[in-house]
Structure formats: structure tokens, C-alpha cells
Amino acid sequence: LCCECGQFHLLLDNHLYNFQDEVDDELTCHICLQPLLQPMDTPCGHTYCFKCLENFMQEYNFCPMDRKKLSFQQCHKSSLLVRNLLDKLVVFCPFKAECQQTMQRCELEAHLQNRCPGFKKYKSELQRKKNPISKGKEDPPARVETNTPKDPEVPSAGSSLVAESSAAAVVSLGTVEPGLVNPAFEETEEGENLPQRTSLVAETTTVEIHREDPEEELGMRIVGGKDTPLGNIVVQEVLRDSVIAADGRIAPGDHILEVNGVNISSVTHCQAVSFLRHPGPVLHLMVLQEKGFSNKTAQQDSSSATNREVIHVTLIKRDRSEPLGIKLIRKTDEPGIFILDLLEGGLAAKNGKLSRNDRVLSINGQDLRQGTPEAAAQIIQTTESRVNFVILRQPGVQLPEQVEDGSTSNSSSSSNGGSPVHHRRRVDQNHYRRKSTYQKGYASHEKTVAIKKEPKESLGITIGGGRDNKNKLPIYVTSVQPIGCLFRDGRIKRGDVLLSINGIDLTHLNYYEAVSALKSNAASHSVVLKALEIIPLNAPEPSLDIKEQGFGWSPLWIAWLGLPSYLHCCQDIVLSKGNLESWGFSIVGGFEESKGNKPFFIKTIVPGTPAFRDRKLKCGDEIVAVNGVPAIGMSNSELIPMLKEQRNKVTLTVVSWPGSLV
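As C-alpha cells, then:
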């Protein structure tokens, strides 16, 4: 909370104020559309906020209004008269519940520090939270816990991962399983001895984050969740100068497994956001971090089978290409192959006899005690029908419950250990002919709002996005101010995507073009706005809005997935590699007969690979096409070979949405 204006906003953004009266248009910045702060005049006669102009000039060399050539050094402070007029604008105290006073804008900071009972109450509550007595692990909100699925598998998964956190888990990503684009190896014409193939090393690590201000945001963007094809919660981006960036241990691509001891590997996206936004001075995160490829040879089997149970399991495939839905891993501290996870809805999960952490001794009579996940995958893929497992199980490991075919829980094949995996998820939309509803998350509804207004009355909204944004977003409403005609009308809401104003298309404009179009049309007696409302199909978590105030607000990542395809802005990413390299990314999604079409998403990007070095591809990106061939209607088994056939160069057409900020 800013101590100068008493409102939430990003550190580098302007202060926010609630003005008592409509502010004259001449005193408004044409970049942020708010009353000027630290006004700066340009040589061409326009005036902007200092921060707005400074940020604009970092990317452009012209005036936002008339596009005349301009440098920031040519600009100067506005006259003392203008600055005094702005300082005397009357504002409300932001703590309306405890304080109903009004004052000049220049007096607000002193009022907050010395006289405001609301700000005094806020500071005392903040100080109480910082009290050392209350430090330690913060319990997550009770409402989130009650919404978490009571799946008996979640604790066992969490405990198995915790038990292995002290040692690196070597996760193999080789083979042509659905959901995985051969990041681990390329087959050569001469052939290779399967056990010698490289494996991807991934470590589970516990990271302790300390915050001086328990309310301070962590500063990272996340994607994924059990209600999306990605399954796990994945870090998409770490913001510069943030708490996470200062700590330095968490990086894009890391999978977040636990928050303050609570397993979040099978919670929805909104629940994960709520957990990560929960305030507290100390935050304990368990993350799975991919470290790149390793050529380590298997160690000698020195472990004893004492007190362990040997179990025989037979799975019957309907045809040779049917995946079993098993994730296999190899550990650095113990030889052999282990079951990391069973994909819900998969053949193995339906059978119900295999369990997490089972060690695979043999498949179809072939000894795998010193084997690799790649070798296991080769056996499984070449088997026509019956796949016979012999596994070793520690006592006390619980068998997973039978999973119904309609389950919406998801797992990723990114950490797959060589077994073919096909995700089973009920999604009936595709990229080009997608319905407005994305799974169980959000729907979009187009609306037309016609308003009669005074010519000088402002719309009273702030906007974000624009096709010049790095994610090439459509224009959306970041706030509806308590002044202006749209607040009075009540139909335009925060998060609405603006399609047009008075017939002028806004969907292809950059931010400044959209501001100009809104500004010029707002001068009319009547305004007709077309907008797309993004509607959560389930009630959102109340805590999700805690830090989404003012200009810093943006929709959750999962909300963008509900947009119709005509609002998608695709970009081509060209990757190049050597003959013996792999592309270095994994995917989830694709067509299934029983489930229909679902988009392909980038699940993981492996350090040290072409996809990692290029820096343009991000976790959570949606693949639209490969070398110009649309991915719509393709299954995993069709798209994976297409990607592997591209020996040295591939063009991926992707849609990229910003992850949710926590």
C-alpha cells in the first residue's frame, strides 16, 4: 500500500486518487487518461505525467499526440501555475470506511501520516503481522483448503516428492510419447545402446522466501493448474527487481509443488494463485527444477529387497499405439526405474494396480533392474497387446483409487520417464473454431453498451494491453473510476475486452492508438461501446483481488484462454539446432476421439537446448501451427513425429498469454 496516496499500485506507476469532481480535460494526461502528476510539457505544446512520458520515451521517439519527433531531454516541467492547479484538486480519503474527509491532493500524504484513522488502523495491523511472535509458516486460507479436492493420492505424491527432495531425481524425457517433443535425444542412423542415452536431470528443492512486508507480491507469473492441460503449476516469468528475483533461486520453467507445506500439484489455477498470494513474512516453496541433460551410467544395484513386495501387473493395450499413461523416472541415489505418476484416465490408472514410487524390475520378461526409462518405453511401444510388469513395492504404499473417465485432473508428460503418455481431458474446443468457454474456467459474452453523455464528461476508465504489448494483448479495462459515465452506467466492468467504440475497431490497435481513439470518441454526446465480458463460470476466490488494484491489475492467465480465436495474435518463432540436438521442449494437448480437440501447450523448456537459448518460447504458450501446418485436429501421435522430422529448423506459430501475477 502506497503511503503517499493510500492505494495499491506498482512501485514505478503513478499514484492513484479518488477525485471529488470531474477534472477538466486540459488537466488530464493523454497517456494514462488521469489528472496529471508531475506534469511535463513537450516542445509541441502537449503535457503528460512525468512517469508516463518517461516510460513512453524509452520505446518511442515521438510525441504520443501528434507523433512529432521528440526526446525526453527536450521536455521540461510545466509552469508553477499548472502544478498549483493540479495540487489543489479535491480528493477523497481512500479509507472511506473509517474516514470521509476530503482535501486538496497535495494535502493527502500529510493527512494519511498524521490524521487519518483508517491509515493508522492499517499500519497497526501491518505491524502486528510483522511481530516476530507470529513469524513462521503461514496457514493458507481455510476456504481454499476446503475447495481442494480430497484426493487420497495427493498426500502420497507429496510425501514421495518430499522424501526425494534431498537428492536429484533424474527424469528421462526421451522417446516419442505423446506430449513430449524428444528433448532428451535424437536417434541416429547407426543406432544407440538404449541405456547410454541421455536423461533429463530434475531436482526437487525447498526455497524459503523472506519478505519485510508480508503483503508484498512475490513478483513472478504462473501458468497451469489441474483445470488446464498443463496440470502442474509452472513459473512462466520472474519479474525484475522482485522478491523472487532478488532471492535468485526460482527460474522460469520451475514447477511449484508445495506452498507452506500444502501440496498444490493437483489444485486449480485460481486456488494456486490464492495460495501464492497469501500474505506472510516467510514463504516455503517446494519446486521441481530441470537442470539439463546427464549421461550418467546406472549405478550397481546394492539395495536390498527385504521387507518389499514383488507384484505382477498386466495391462492390455487395444492397439500398439495406445499409451499406458505412466510417468517413469530414474533417481541419482538408487538404480532402476520408478513410477513417478499415473495419468488420470490413462490405462494404468484405470487398472488401479500400479502405484506411485513402485520400482519396475522387468517388462515382458526383460530385466530392467539396471535399465533406463528410455529402454522401458521402447519395450512398451513395440508391444502389440499385453504389457507384463514385475514391480517392487515398499510396504505401506497405498494403491491409487480407480479414476473415473470423466475426471478433470491433469498431469503433464514433461517429466515423463519414457512411457508413452496420452492425457485424457474433457475439452471440446479447438484453436480455430473454439467455443467461448475454456474447460471449466471462463466464458466470454459480447455486449453492446450505448450511453448518452455530456460532451466534456469522460468515460472514466483506464485500459491495458494493446498489440504493441509483448504478449500482443487485446485492449482491456483495468479499472472503472468512480467518476465518468461508464461508472454511472455500470455495464462496463474491469476485465472487459474492448472491441470497438462508435464503430471504430479497437482489436488491432496498440495501446496509444486505443487511448487516442477512446479519447476522441468520448467527446461525443453518445458513445456506443462493444465489449467482450470474461465471465468466471465458478465463483472466483475472494482473495484473488487483494493485490489487483488500479493500474497494476490484469486478468488471470486462465481467463485469457477463454477468448475466441479472432482475438488471438499469433507470432512465429523459428528454432534452429544441430543434427544431434533435440528441440528441448515438451507439449501437452491434442485430439482424442473420446474428448475431442484441445489446444497444444508448451509444458517444459529444457535448459541448454535450442528452445531455451532462443528465449522467445515460454511455458504456457499455445502452439497453433508447425511450419505453417495448422495443429488443429492433430493428435499427439501426429504432431510429435512432425516436429521430430524437422532436422535443423522449425517454425512454431504460437499464441502467448501472460501468466497470473503472484
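At position 518 of the sequence shown the residue is numbered 562 (the numbering used here), and the sequence of numbers has no breaks.
For every residue, glycine included, the Cβ atom is placed at its ideal position computed from N, Cα and C.
Item: What residue range is occupied by the uninterrupted alpha helix (DSSP H) comprising lysine 95?; Value: 94-101
Item: Please report the distance separating the alpha-carbon of asparagine 641 from that of isoleucine 519.; Value: 28 angstroms
Item: Can you find at least 3 beta carbon pairs, one from the stretch 318-326 and one from the stretch 608-616, that sit closer than 8 angstroms?; Value: no
Item: Apart from the five residues just before and just after histidine 90, which ones in its own chain have a Cβ nearer than 8 angstroms to its Cβ?; Value: His74, Cys107, Pro108, Met109 and Asp110
Item: Leaving aside the five residues before and after threonine 492 along the sequence, list all residues of the same chain whose C-beta is less than 7 angstroms from its C-beta, in chain order.; Value: Val572 and Lys574
Item: For a test of the three-state rule: what should DSSP assign to tyrosine 104, helix, strand or coil?; Value: coil
Item: Closest by CA to serine 564, which one among Asp69, Cys49 and Leu55?; Value: Asp69
Item: Let me see if you follow: with CB-CB separation under 8 angstroms, is isoleucine 495 close to chain C or not?; Value: Among the chains of the structure shown, chain C does not appear; only one protein chain is present.
Item: Going along the chain, which unbroken runs of the beta strand (DSSP E) with 3 or more residues stay wholly within the stretch 256-299?; Value: 264-268 and 277-282
Item: Aspartate 540: which of Gln157, Arg532 and Ala603 sits nearest, CA to CA?; Value: Ala603
Item: Of the residues Glu689, Gly269 and Ala290, which one's Cα is nearest the Cα of glutamate 261?; Value: Ala290
Item: Does the count of Cβ pairs from the stretch 76-90 and the stretch 155-167 closer than 8 angstroms reach three?; Value: no
Item: Would the beta-carbon of glycine 664 fall within 8 angstroms of that of glycine 703?; Value: yes
Item: Going by C-alpha distance, which of Asp512, Ser523, Ser488 and Gly528 is nearest lysine 500?; Value: Gly528
Item: Assign glutamate 388 to one of three DSSP states: helix, strand, or coil.; Value: coil
Item: Can you tell me the Cα-Cα spacing of lysine 375 and valine 331, whole angstroms?; Value: 17 angstroms
Item: Whose C-beta lies closer than 7 angstroms to the C-beta of valine 126 among residues of the same chain, with five residues either side of it excluded?; Value: Pro83
Item: Enumerated in chain order, which unbroken segments of the alpha helix (DSSP H) with a length of 4 residues or greater are wholly contained in the stretch 102-150?; Value: 124-131
Item: Exposed or buried, serine 502, counting other C-beta atoms within 10 Å across all chains shown (16 or more means buried)?; Value: buried
Item: Using the three-state DSSP reduction, which class does proline 184 fall into: helix, strand or coil?; Value: Reliability of the predicted coordinates at proline 184 is poor, the pLDDT of 39 falling under 50, and the value obtained from them is presented with this limitation in mind. In the structure shown, proline 184 sits in coil (DSSP, three-state: anything other than H, G, I, E or B).
Item: Identify, in the order they occur along the chain, each residue of the same chain with its Cβ nearer than 7 angstroms to the Cβ of methionine 5, setting aside the five sequence neighbours on each side.; Value: Outside the shown range of the chain (45 to 706) lies residue 5, about which nothing can therefore be said.
Item: If you draw a straight line from the C-alpha of asparagine 554 to the C-alpha of glycine 547, how long is it?; Value: 17 angstroms
Item: Is it right to say isoleucine 373 is buried, meaning 16 or more other beta carbons lie within 10 angstroms of its own, or is it exposed?; Value: buried
Item: What did DSSP end up calling leucine 576 once you bin it into helix, strand or coil?; Value: strand
Item: Counting beta carbon pairs with one atom in the stretch 350-365 and one in the stretch 376-385, are three or more of them shorter than 8 angstroms?; Value: no
Item: Is it buried or exposed, threonine 426, if we count other Cβ atoms within 10 angstroms and call 16 or more buried?; Value: exposed
Item: Using CA coordinates, which residue listed in Ile435, His254 and Thr506 is at the minimum distance from aspartate 411?; Value: Ile435
Item: Given this structure, state the Cα-to-Cα distance separating lysine 132 from glutamine 145, to the nearest angstrom.; Value: 15 angstroms
Item: Within 10 angstroms of the Cβ of lysine 621, are there 16 or more other Cβ atoms? Answer buried if so, exposed if not.; Value: buried
Item: Hey, which unbroken runs of the beta strand (DSSP E) at 3 residues or more fall wholly within the stretch 350-429?; Value: 353-360, 370-375, 381-386 and 403-407
Item: When DSSP labels each residue in this structure, what does proline 685 get in the three-state scheme?; Value: helix
Item: Along the chain, where does the beta strand (DSSP E) containing lysine 563 start, and where does it finish?; Value: Unbroken run through lysine 563 is the alpha helix (DSSP H), 555-565; no beta strand (DSSP E).
Item: Just the C-alpha distance for glutamate 353 and arginine 511, rounded to the nearest angstrom, thanks.; Value: 59 angstroms
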